[in-house]
Amino acid sequence: MASPAAAAPPSASSAPRRSLLALAAMVALLPLALPNNYTYEVAILVGLNAIVCVGLNLLIGYAGQISLGHAGFFGLGAYGTAFLAARYGWPTPASLAAAVAAVALLAWAVGRPILRLKGHALAMATLGMGIIVAVVIATEDRYTGGPDGMSVPPLGIAGHVLAGERAWYWVVGVLLVATVWLAQNLIDSPRGRAWRALHGSEFAASAIGIDPARHKLAAFVLSAALAAFAGALTAHYAGFITPAKASFLHSIELVTMVVFGGMASSLGAVVGAAVLTTLPQLLTVFKEYEMVLLGAVLMLTMIFMPQGLVPTLGKTLAAARGKSR
Amino acid sequence: MLSRTLLAAASLAFACAASAQEPIRVGAFLSVTGPAAFLGDPEQKTLELYVEKLNAAGGVLGRKLQLIAYDSAGDAEKARAFTKRLIEQDNVDFIVGGSTTGETMAVVPLIEQAGMPFISLAGAVVIVEPVKKWVFKTPHSDRQACERIFVDMKARGTTKIALISGPGGFDKSMRAQCMGVAKNYGIEILADEAYGAGDTDMTAQLSKIKNTAGVQAVLNCGFGQGPAIVTKNYKQLGISQPFYQSHGVASKGYIQLAGDAAEGVRLPAAALLVAETLPDSDPQKKVVLGYKREYEARFKSDVSTFGGHAYDGLMIAVEALKKAGSTDKAKVRDAIESVRGLMGTAGAFNFSPTDHVGLDVSGLRMLEIRKGDWTLAK
Amino acid sequence: MSAQLVQFLLTGLTVGAIYALVALGFAIIYNASHVINFAQGEFVMIGGMAAASFVEAGLPLPLAALLAVAGAMLVGLALEKLAVEPARGAPVVTLIIITIGASILLRGLASLVWDKKIHALPAFSGETPLNLGGATLLPQSLWVLGATVLTVALLWWFFNRTLTGKAILAVSHNRLAAQLMGISVRRVLLVSFGLSAALGALAGVLIAPISFTSWDIGVMLGLKGFAAAILGGMGSGPGAIVGGLALGLIESLGAGYVSSAYKDVFAFVIILAALIFLPDGLAGRRRATERV
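Chains A, B and C are the protein sequences, given in the same order. So that you can map any letter, position 226 of the first sequence is 226 in the working numbering, and since no number is skipped, the others follow by simple counting. Counting the second sequence from 1 gives a position; the working numbering is that position plus 1000. Counting the third sequence from 1 gives a position; the working numbering is that position plus 2000.
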């Protein structure tokens, strides 16, 4: 199976730096095009999904693993902070940090046995984990409010509360740019190269001294922590959280965003999140045809751009530029 | 002088006419697709039908109604996004919607912040308890449904029951409410079983209940496919104890699916389902019969209580608009709270600052399924 | 107590047989293409919904069932021809996303072509429960079990005694070698999709009298079938059957003896444990070497 390493940007970091600048510019300039709070909300949701996807892309696109249960980490981050803040009165920055730390710890504990599996067995294991989390959250309604969800206090400290779409937009925008910067730096580091080697062939990588277990675990834990972080932020932003956020359908959505946008490309993950978050909002005007259209768009895009949106567009642009010389 | 007056009068008249052309925007987000589709689908149809009828009769306050409805597919996040869209982009005057409790609760922060009158069509009592300034609801709460069932059980001398419920928000909420109020009616719950989403067979759970000594009746809190399967399994296992369902299955579809197994099942439901058999003296008859006939004539399908909730919501809003004399949101909200004696499909609504559901248990009738049709239980 | 155990076992086997048929569908497509077909559950849905709508239109049940299975097979063939074949060289993950898109598309089409209501099929031979050692069994369950056994037998004959079947097996063992022997991998893919679709539709038709059908039942059943296929060892036919039956039994016994609210958690925990200790599944093939 040809690894997407062929589609990955070269480690000479001009291309990633350009894409990071482009992203930062986009985040800074987008508000000029957003007419009302509803559009801000969509932008914020895109940003939050993108944070998860960039992390998930590190696991899928670079380290070559698969996770069909990442919504579980997202949900645990969300419910963790909600629970600590709402039931125990923790200040929300503390509950958020604690939730993310707890999920990272859980991912570390669970990842060690699970990451020994490969391919569809790993897919099933992560899928199973996600479902277990979702069912437990939905069933223990005394603690979590059950399937109807629970309220979450807003993010804030010492009386100052982060509220309103504009404020959240900037916070999420900055966090997204920071996440992509972190991801791109990781990819260019020895660890990132180790991940790409693992993706190419675990066997060969271990032959040159790369410990697969340690590196896979690192990618897994990092992506889980990012998912939990985004989940906790989502909970505080929306003021409400339901178990649907931990469902396996959501997990599938996240993987779809990563692959759609282009694996082994952090920008691809952001683009994938952006397109697949806004598309349902746009397609809603078609009412009952929405699902059909969404499915068709997914299928056609993947058939004609099998490497994903960003790598394919990148290649087309490069070819066009090459022709014009 | 005269020409200036004429000019002023003309421009005033023009301004009035211009604002009179402005339609009253009715916002809605409903679960038309997704797991709660059989809630949202009749709700949407009902809203469309009655907005049309109201417009044909001249509109409200001399203005036409314009319905802006989105499909939130039972997803709380979509409900939030659409509510924001309705408030910020579509500039609606009030919102009727929220087929499920999860979706309703998710938008409550937005509603309260924006000061938008909102009438929810969902069931759980948590929507109006504690009372939220801008949030009202039309269906009987699940607690009221439990109480109605327990009243009937008590009358039959039942004191020990078993519960079986599904995974949904409706199921779990009703189960929690029933467990909470059971003691008030001297009812003890001996067994508490559950089934999952998409489960195809509940004989294991029912078999456990069957083998629990002392169970005098079984109550199934759920809606959708699950209760129909439970009903068939109930008959298959030959369990003879009385079987109660929730108002979640108050539609002909349930009887069609469960077939013979539904014979003798009891459930609390709005008088809407037995509209024809109500005595003429029944105060609800006129409204429920009217709605039933109009819905069935237009859509060629059986009426459901869920569509009735949407009817009630719209009529309450229209009544409030008339009382307030304008679409000013604060005035409309106050007007809703002052609505008294408005007869809907669920019963007579009497709102107050402390009661945002406005119904008492009398609108909930105990029905029994006999020969494949609804009858009032004796 | 033992009558209750018999009840749990009978329920578990009935549900398990359905999972087994769905799992077989996954296994066949995986063998031909290494793709996990996320639209497999929709074939189950199409089978049930199509049969229900034919019956409601007045057709006799056997004809309706046959047409439904044939219709689903056509959908499967169309899916392969229009979606999988054009994307032939793409990475496996892309193909999987294509099937995810297909699953969304099919569900959307189902809600348009039919509706969003729940439909039932009449039971094949009545609804009077049979008594078996103190437990009850619906006649429909016997149909489910019988049809599954018959299907497995037919599949065994197909894979071992017909040329097409052997060609499919060859491709699953070693695609390149099969091509070198003159086997058209494209045709094998086409047949695999058609066959899997037919199996899924058959499951849908069999289960509809017991647990009804609607436009979105495919999601959960597809998930459980996938889990069963992996439990048994992805790509192994007998594994799919064993996995399906095992999953059905685990669920039923878990609901009966552990906790009905957590029966799905119980089942997945067991699957996780099985995967960790038996990574190739209950009946999976061990790969002797990992290729670099």
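Just so it is clear, CB atoms sit at the ideal spot from N, CA and C, and this is done for glycine as well.
(request) Express the C-alpha separation of TRP181 (chain A) and LEU282 (chain A) in angstroms, rounding to a whole number. (result) Position 282 of the first sequence holds residue 282 (chain A). Position 181 of the first sequence holds residue 181 (chain A). Cα to Cα, the separation comes out at about 30 Å.
(request) Return the CA-CA distance between ALA86 (chain A) and SER95 (chain A), expressed in angstroms with no decimal places. (result) Taking the first residue of the first sequence as 1, we reach residue 86 (chain A) at position 86. Taking the first residue of the first sequence as 1, we reach residue 95 (chain A) at position 95. Those two C-alpha atoms are separated by around 10 Å.
(message) Spatial neighbours of VAL1249 (chain B) within its chain, please: C-beta separation below 7 Å, excluding the five flanking residues on both sides.
(response) The residue labelled residue 1249 (chain B) in the question sits at position 249 within the second sequence. Excluding positions up to five away in sequence, the list reads PHE1223, PRO1227, LEU1267.
(request) Pick out whichever of C:VAL2084, C:VAL2006, C:GLY2248 has its Cα sitting closest to the Cα of ALA2032 (chain C). (result) Working through the third sequence from its first residue, we reach residue 2032 (chain C) at position 32. Minimum Cα distance to ALA2032 (chain C) is reached at C:VAL2084.
(message) Pairs of beta-carbons, one from the segment 2158-2176 of chain C and one from the segment 2020-2037 of chain C, closer than 8 Å: are there three or more?
(response) yes
(request) Determine, using beta carbons only, whether THR2213 (chain C) and VAL2191 (chain C) come nearer to each other than 9 Å. (result) Here residue 2213 (chain C) corresponds to residue number 213 of the third sequence, with the count starting at 1. Here residue 2191 (chain C) corresponds to residue number 191 of the third sequence, with the count starting at 1. Taking 9 Å as the Cβ cut-off, THR2213 (chain C) and VAL2191 (chain C) do not qualify as a contacting pair.
(request) Could you tell me the distance, in whole angstroms, from the CA atom of PRO10 (chain A) to the CA atom of THR312 (chain A)? (result) Counting from one through the first sequence, the residue named residue 10 (chain A) turns up at place 10. Counting from one through the first sequence, the residue named residue 312 (chain A) turns up at place 312. Here PRO10 (chain A) scores only 45 on pLDDT, less than 50, and its place in the model should not be relied on; the value that follows carries that caveat. Near 16 Å, if we compare the C-alpha coordinates of THR312 (chain A) and PRO10 (chain A).
(message) Just verifying my parser: in three-state terms, what is the DSSP assignment at GLN1066 (chain B)?
(response) Counted from its first residue, the second sequence places residue 1066 (chain B) at position 66. Reduced to three states, the DSSP call for GLN1066 (chain B) is strand.
(request) Taking ALA71 (chain A) and LEU84 (chain A) to be in contact with their CB atoms under 8 Å, please state how far apart those CB atoms are, rounded to whole angstroms. (result) Here residue 71 (chain A) is taken as the residue at index 71 of the first sequence, counted from 1. Here residue 84 (chain A) is taken as the residue at index 84 of the first sequence, counted from 1. Incorrect: roughly 20 Å between the Cβ atoms, too far for contact.
(message) I'd like to know whether the C-beta of GLN1236 (chain B) is nearer than 9 Å to at least one C-beta of chain C.
(response) If you number the second sequence from 1, residue 1236 (chain B) lands on position 236. It does: the Cβ of GLN1236 (chain B) has a partner Cβ on chain C nearer than 9 Å.
(request) Kindly indicate which residue of C:ASN2160, C:GLY2243, C:SER2103 has the alpha-carbon position closest to the one of ASP2280 (chain C). (result) For the purposes of this step, residue 2280 (chain C) is identified with residue 280 of the third sequence, where counting begins at 1. Minimum Cα distance to ASP2280 (chain C) is reached at C:GLY2243.
(message) So, at 7 Å on beta carbons, what are the nonlocal neighbours of GLN2179 (chain C) in its own chain, with the 5 sequence-adjacent residues on each side left out?
(response) Start at 1 with the first residue of the third sequence, and residue 2179 (chain C) comes out as number 179. VAL2185.
(request) Spell out whether any CB of chain C is found under 9 Å from the CB atom of ALA121 (chain A). (result) Looking up residue 121 (chain A) in the first sequence gives position 121. Yes, because at least one Cβ of chain C sits closer than 9 Å to the Cβ of ALA121 (chain A).
(request) Helix, strand or coil for ALA1162 (chain B), going by three-state DSSP, please let me know. (result) One-based indexing of the second sequence puts residue 1162 (chain B) at position 162. ALA1162 (chain B) falls in the strand class under three-state DSSP.
(message) Let's test the definition: count the other Cβ atoms within 10 Å of the Cβ of ARG214 (chain A) and tell me whether it reaches 16, buried, or not, exposed.
(response) Start at 1 with the first residue of the first sequence, and residue 214 (chain A) comes out as number 214. Result: exposed.
(request) For chain A, find out if any of its Cβ atoms is closer than 9 Å to the Cβ of VAL1032 (chain B); answer yes or no. (result) Here the question's residue 1032 (chain B) lines up with position 32 in the second sequence. Cβ-Cβ to chain A under 9 Å: yes for VAL1032 (chain B).
(request) Would you please verify whether the beta carbon of THR179 (chain A) is less than 9 Å from any beta carbon of chain C? (result) Reading the first sequence from its first residue, position 179 is the one you call residue 179 (chain A). Closer than 9 Å: no.
(message) Would MET1174 (chain B) and ILE1161 (chain B) qualify as a contact pair, given that the criterion is a beta-carbon distance under 9 Å?
(response) Mapped onto the second sequence, residue 1174 (chain B) falls at position 174. Mapped onto the second sequence, residue 1161 (chain B) falls at position 161. In this structure, ILE1161 (chain B) does not lie closer than 9 Å to MET1174 (chain B) by Cβ.
(request) Tell whether a beta-carbon distance below 9 Å holds between ASN36 (chain A) and GLU1022 (chain B). (result) In the first sequence, residue 36 (chain A) corresponds to position 36, counting from 1. In the second sequence, residue 1022 (chain B) corresponds to position 22, counting from 1. No, they are not a contact pair.
(request) Flag this pair as yes or no: are the beta carbons of GLY262 (chain A) and VAL310 (chain A) separated by less than 9 Å? (result) Indexing the first sequence from 1 puts residue 262 (chain A) at position 262. Indexing the first sequence from 1 puts residue 310 (chain A) at position 310. Result yes, Cβ atoms of GLY262 (chain A) and VAL310 (chain A) sit closer than 9 Å.
(request) Just grab the DSSP bridge partners of MET1343 (chain B) for me. (result) Locating residue 1343 (chain B) in the second sequence gives position 343, where the first residue counts as 1. B:ALA1348.
(message) Nearest by alpha-carbon distance to LYS1291 (chain B): which of B:LEU1047, B:ALA1182, B:ALA1028, B:SER1141 is it?
(response) For the purposes of this step, residue 1291 (chain B) is taken as the residue at position 291 of the second sequence. It is worth fixing the name first, because residue 1291 (chain B) is Tyr in this sequence and not Lys. Of the candidates B:LEU1047, B:ALA1182, B:ALA1028, B:SER1141, the one whose C-alpha sits nearest the C-alpha of TYR1291 (chain B) is B:LEU1047.
(message) Suppose you measure from the CA of ALA1122 (chain B) to the CA of ASP1328 (chain B); what does that come to, to the nearest Å?
(response) Taking the second sequence and counting its residues from 1, one reaches residue 1122 (chain B) at position 122. Taking the second sequence and counting its residues from 1, one reaches residue 1328 (chain B) at position 328. Their Cα atoms are separated by approximately 25 Å.
(request) Measure the Cβ-Cβ separation of GLY1040 (chain B) and PHE1094 (chain B) and say whether it is below 9 Å. (result) As a working note, residue 1040 (chain B) is residue 40 in the second sequence. As a working note, residue 1094 (chain B) is residue 94 in the second sequence. Taking 9 Å as the Cβ cut-off, GLY1040 (chain B) and PHE1094 (chain B) do not qualify as a contacting pair.
(message) Taking only three categories from DSSP, how would you classify GLY1244 (chain B)?
(response) Within the second sequence, the letter at position 244 stands for residue 1244 (chain B). A quick correction: the sequence has Tyr, not Gly, at residue 1244 (chain B). Reduced to three states, the DSSP call for TYR1244 (chain B) is strand.
(message) Please state whether the Cβ-Cβ distance between ILE1426 (chain B) and ILE2217 (chain C) is less than 9 Å.
(response) This structure does not reach residue 1426 (chain B), given that chain B is present from 1001 up to 1378, and the question cannot be answered.
(message) For chain C, check one thing: does any of its Cβ atoms lie closer than 9 Å to the Cβ of SER1207 (chain B)?
(response) The residue given as residue 1207 (chain B) occupies position 207 in the second sequence. Interface residue, yes.
(message) Measuring straight from C-alpha to C-alpha, what distance separates THR2289 (chain C) and ALA125 (chain A)?
(response) Taking the third sequence and counting its residues from 1, the one referred to as residue 2289 (chain C) is at position 289. Taking the first sequence and counting its residues from 1, the one referred to as residue 125 (chain A) is at position 125. Unreliable positioning characterises THR2289 (chain C) in this predicted model, as indicated by a pLDDT of 41, which lies under 50. A coordinate reading is not provided.
(message) Judging by CA-CA distance, which residue of C:GLY2248, C:GLN2007, C:SER2002 is the nearest neighbour of ALA1204 (chain B)?
(response) Locating residue 1204 (chain B) in the second sequence gives position 204, where the first residue counts as 1. With distances taken between Cα atoms, ALA1204 (chain B) lies closest to C:GLN2007.
(message) Whole angstroms are fine: how far does the CA of PHE2124 (chain C) sit from the CA of LYS1078 (chain B)?
(response) Here the question's residue 1078 (chain B) lines up with position 78 in the second sequence. Here the question's residue 2124 (chain C) lines up with position 124 in the third sequence. In a straight line, the C-alpha of LYS1078 (chain B) is about 41 Å away from that of PHE2124 (chain C).
(request) At 8 Å on the CB atoms, spell out the chain B contacts of VAL42 (chain A), in chain order. (result) Numbered from 1 along the first sequence, position 42 holds the residue referred to as residue 42 (chain A). Neighbours of VAL42 (chain A) on chain B, chain order: ALA1081.
(message) Would you say LEU2245 (chain C) lies against chain B (beta-carbon separation less than 9 Å)?
(response) Reading the third sequence from its first residue, position 245 is the one you call residue 2245 (chain C). No, because no Cβ of chain B sits closer than 9 Å to the Cβ of LEU2245 (chain C).
(request) Starting from the N-terminal side, write out each stretch of the alpha helix (DSSP H) that is 4 residues or longer and does not extend beyond the segment 86-159 of chain A. (result) 92-114, 119-139, 141-144
(message) Can you give me the C-alpha to C-alpha distance between SER3 (chain A) and GLY1074 (chain B), rounded to a whole angstrom?
(response) Against the first sequence, residue 3 (chain A) aligns to sequence position 3. Against the second sequence, residue 1074 (chain B) aligns to sequence position 74. Low local confidence applies: a pLDDT of 47 at SER3 (chain A) is under 50, so the model's placement there is unreliable, with the coordinate-based value given in what follows. Between SER3 (chain A) and GLY1074 (chain B), the C-alpha separation is close to 39 Å.
(request) Would you be able to state if there are at least three C-beta pairs under 8 Å between the segment 1108-1121 of chain B and the segment 1064-1072 of chain B? (result) no
(request) Would you kindly work out how many angstroms separate the C-alpha atoms of ALA1984 (chain C) and ALA1036 (chain B), rounded to a whole number? (result) The requested residue 1984 (chain C) is not part of the displayed model; chain C covers only 2001 to 2292.
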